[in-house]
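Asker: Each position in the sequence shown, counted from 1, maps to that position plus 48 in my numbering. Submitted below is the structure of interest, expressed as structure tokens.
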Amino acid sequence: MERKRYFHTNSVHFNGNEHTKNKSKAKPIYQTSAFVFESLVDMESYFSGEKEYLYSRYGNPNTEDLGKGVALLEEADDGIATSSGMSAILCAVLSVCRSGDHILAALDVYGGTYSLFEQELKNLGIEVTFVEPHTDWQKAVKENTRALFCESVTNPHIRVESIEDLMKFAKENQLRVIVDNTFATPYFAKPIILGADLVIHSATKYLGGHSDVTAGVIVGCEPLISRVKQLVITMGTTLSPFEAWLTCRGLKTLGLRMERQSSNAATLADYLKKQPKVEHVYYPESLSSFGNGAIVTIRLKQEVDIHAFFSSFSFVKIAPTLAGVETSISYPVGTSHRSVPIEKREALGISSQDVRISVGIEDHRDIINDFLEALKKA
Ligand code: PLP
49 MERKRYFHTN SVHFNGNEHT KNKSKAKPIY QTSAFVFESL VDMESYFSGE KEYLYSRYGN
109 PNTEDLGKGV ALLEEADDGI ATSSGMSAIL CAVLSVCRSG DHILAALDVY GGTYSLFEQE
169 LKNLGIEVTF VEPHTDWQKA VKENTRALFC ESVTNPHIRV ESIEDLMKFA KENQLRVIVD
229 NTFATPYFAK PIILGADLVI HSATKYLGGH SDVTAGVIVG CEPLISRVKQ LVITMGTTLS
289 PFEAWLTCRG LKTLGLRMER QSSNAATLAD YLKKQPKVEH VYYPESLSSF GNGAIVTIRL
349 KQEVDIHAFF SSFSFVKIAP TLAGVETSIS YPVGTSHRSV PIEKREALGI SSQDVRISVG
409 IEDHRDIIND FLEALKKA
């Protein structure tokens with residue numbers, strides 16, 4: 049007969065191992081820091097590879113789902129979820145170079161990436177040369193150059209990087225290639241197929257898609273991705289199970305959202321091109337056969353009051369992020385590119401009249417009307 053337990057014991061053990069008996073339709077959230085074992089022999093079975101989980105920083109069913117899910121979509125061997133897009137970038141770079149090495153990076157990378165490379169990597173003894181768009185990468189190669197880092201679609205001017213050309217250059221110079229595929233998503237671009245060694249995401253953006261998580265993912269092929277996984281575990285940049293679960297839920301609608309958001313973006317871009325207060329519309333024409341993405345940047349004419357414009361929308365929100373299901377606008381010189389020195393911003397042609405639009409899933413007629421109203425008031 050089982051010995052009766054006391055209240056405080058029952059209050060923490062009431063549900064036993066219920067999750068293993070029920071086969072739930074949706075994956076449960078394994079919001080646990082560790083896994084339990086029947087005996088020391090049972091615990092050894094983790095180290096011999098029979099059991100999958102020991103401690104959530106090493107691996108957890110929800111975080112693993114996210115890494116493997118994105119790897120599947122990107123057509124990579126495997127992947128790992130990280131605590132943010134920034135930690136994904138850091139771990140990806142540290143997996144291919146060390147102190148004394150040199151890397152190349154596109155000058156128009158996200159401002160946070162620029163700061164990470166310019167300040168922190170330099171402090172770690174990794175030298176970075178930033179290469180301006182449409183210039184010759186070869187001139188920047190040194191004897192100790194190990195890798196190149198770029199974004200498949202850049203920000204805020206939505207430049208589509210020619211990954212094929214960069215791959216050719218990287219192969220000739222024996223460089224590892226890391227691509228930030230955050231803006232394009234695997235729905236529109238798959239850099240691994242083109243030969244990239246690692247692809248990273250700020251899953252905070254389209255993979256999550258609902259502006260409710262901060263997360264990152266790194267995917268790649270063996271053996272490099274195993275080295276990346278080891279690095280993420282040791283550096284402790286793991287994602288929490290709940291955030292991984294939310295991002296996995298977002299992933300299920302990625303294709304649908306991208307279809308709708310890019311179609312809305314293309315329609316909005318066409319409308320904005322015809323507006324007299326808009327000097328230029330940045331929207332690509334050849335990202336993929338499935339569409340051209342959901343970010344549109346506009347440059348307002350100099351005489352247009354940018355403050356009035358930002359404050360004149362009815363449902364479009366001002367937000368220093370992108371990719372949610374709701375349309376939002378942001379101010380590159382005030383947020384994403386704030387940390388990029390003015391002379392570098394000028395070299396990239398980023399203006400204080402630029403507005404980045406992250407187009408959502410609303411009815412395109414309402415989105416257009418909100419923009420026309422704001423332009424009228426600005
Ligand atoms: N990469 C790109 C292209 C981004 O836009 C961002 C953030 O905006 C990041 C990486 C960093 O991601 P996170 O904020 O999730 O750390």
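Glycine included, each C-beta is placed from N, C-alpha and C at the ideal position.
Checking the sheet assignment: what are the DSSP bridge partners for Phe197?
Answerer: Note: Phe197 sits in a beta bridge opposite Ala153 and Ile226.
Asker: Quick check on the DSSP output: the alpha helix (DSSP H) that includes Gly133 runs from which residue to which?
Answerer: Gly133 to Val144 is the span of the alpha helix (DSSP H), which, as asked, contains Gly133.
Asker: Just how far apart, CA to CA, sit Glu327 and Arg105?
Answerer: C-alpha separation (whole angstroms): 49 Å.
Asker: Is Glu168 close to ligand 1? I mean its beta-carbon at under 7 Å from any heavy atom of the ligand.
Answerer: No.
Asker: Can you list, in chain order, the residues of its chain whose CB lies under 7 Å from that of Leu164, leaving out five sequence neighbours each side?
Answerer: Result list for Leu164: Met134, Ile137 and Leu138, in chain order.
Asker: Could you tell me if the beta carbon of Ile366 falls within a distance shorter than 7 Å of some heavy atom in ligand 1?
Answerer: Result no, Cβ not under 7 Å from ligand 1.
Asker: Using DSSP's beta-bridge definition, name the partner residues of Arg347.
Answerer: His328 and Asp402, per the DSSP bridge assignment.
Asker: Can you determine whether any heavy atom of ligand 1 sits closer than 7 Å to the C-beta of Ile137, and answer yes or no?
Answerer: For ligand 1, at least one heavy atom lies less than 7 Å from the Cβ of Ile137.
Asker: What are the boundary residues of the alpha helix (DSSP H) that includes Ile354?
Answerer: That run of the alpha helix (DSSP H) goes Ile354 to Phe358.
Asker: Which first and last residues belong to the alpha helix (DSSP H) in which Leu246 is found?
Answerer: Leu246 -> not in any alpha helix (DSSP H); beta strand (DSSP E) instead, spanning Leu246 to Ser250.
Asker: Provide the residue span of the beta strand (DSSP E) that contains Val118, from first to last.
Answerer: Careful: Val118 lies outside any beta strand (DSSP E), inside the alpha helix (DSSP H) at Pro109 to Glu122.
Asker: Please name the residue, chosen from Gly127, Leu320, Gln323 and Ala237, that lies closest to Leu279 on a Cα-to-Cα basis.
Answerer: Cα-wise, what sits closest to Leu279 is Gly127.
Asker: Please state if the CB of Leu272 and the CB of Ser143 are separated by a distance shorter than 8 Å.
Answerer: Taking 8 Å as the Cβ cut-off, Ser143 and Leu272 qualify as a contacting pair.
Asker: Are Val261 and Ala129 closer than 8 Å when you measure CB to CB?
Answerer: No, they are not a contact pair.
Asker: Under the three-state reduction of DSSP, which class applies to Thr80: helix, strand or coil?
Answerer: Coil at Thr80, not helix or strand.
Asker: Buried or exposed: where does Asn58 fall if 16 or more other Cβ atoms within 10 Å of its Cβ makes it buried?
Answerer: With fewer than 16 Cβ atoms within 10 Å of its Cβ, Asn58 is classed as exposed.
Asker: Following the continuous beta strand (DSSP E) through Thr375, name the residue where it begins and the one where it ends.
Answerer: No beta strand (DSSP E) holds Thr375; DSSP gives it neither H nor E.
Asker: I think Val407 touches Ala342, with their Cβ atoms under 8 Å apart; what is that distance to the nearest whole Å?
Answerer: With 8 Å as the limit, Val407 and Ala342 qualify as a contact, their Cβ atoms being about 5 Å apart.
Asker: Can you tell me whether Ser384 is helix, strand or coil according to DSSP?
Answerer: Note: Ser384 maps to coil in three-state DSSP.
Asker: Measuring CB atoms only, is the region 107-115 touching the region 290-303, in the sense that at least three cross pairs come out at less than 8 Å?
Answerer: Yes: the two stretches touch, three or more of their Cβ pairs being nearer than 8 Å.
Asker: Please list the terminal residues of the continuous beta strand (DSSP E) segment that includes Phe178.
Answerer: Run containing Phe178: Glu175 to Val179, per the beta strand (DSSP E) assignment.
Asker: Within 7 Å: the Cβ of Tyr106 and any heavy atom of ligand 1?
Answerer: Flag unset: Cβ of Tyr106 not near ligand 1.
Asker: Suppose the cutoff is 6 Å on Cβ atoms and the five residues either side in sequence are ignored; what does the same chain contact list for Val208 look like?
Answerer: Contacts found: Val201, Pro332 and Leu335.
Asker: Can you pull the DSSP bridge partners for Lys365?
Answerer: Paired residue(s): Ser376.
Asker: Short of 8 Å in beta carbon distance, which residues of its chain neighbour Ser311, apart from the five on each side in sequence? Order them along the chain.
Answerer: Taken in chain order, the residues that qualify are Gly339 and His412.
Asker: Compute the beta-carbon to beta-carbon distance between Ile226 and Ala195, rounded to the nearest angstrom, for a pair I have assumed lies under 8 Å.
Answerer: That pair is a contact at about 6 Å.
Asker: Could you give the first and the last residue of the continuous beta strand (DSSP E) run that contains Gly127?
Answerer: Gly127 -> beta strand (DSSP E) spans Asp126 to Thr130.
Asker: State the Cα-Cα distance for the pair Lys424 and Phe361, rounded to the nearest angstrom.
Answerer: Between Lys424 and Phe361, the C-alpha separation is close to 11 Å.
Asker: Find out if the Cβ-Cβ distance for the pair Ile211, Pro239 is shorter than 8 Å.
Answerer: The answer is yes: Cβ separation under 8 Å.
Asker: Under 8 Å by Cβ, that's how I've got Val344 and Ile405 pegged, so tell me the actual separation to the nearest angstrom.
Answerer: With 8 Å as the limit, Val344 and Ile405 qualify as a contact, their Cβ atoms being about 5 Å apart.
Asker: By the three-class DSSP mapping on this structure, what secondary structure does Asp295 have?
Answerer: Looking at the sequence itself, residue 295 is Thr, so the reference to Asp does not match. Correct three-state label for Thr295: helix.
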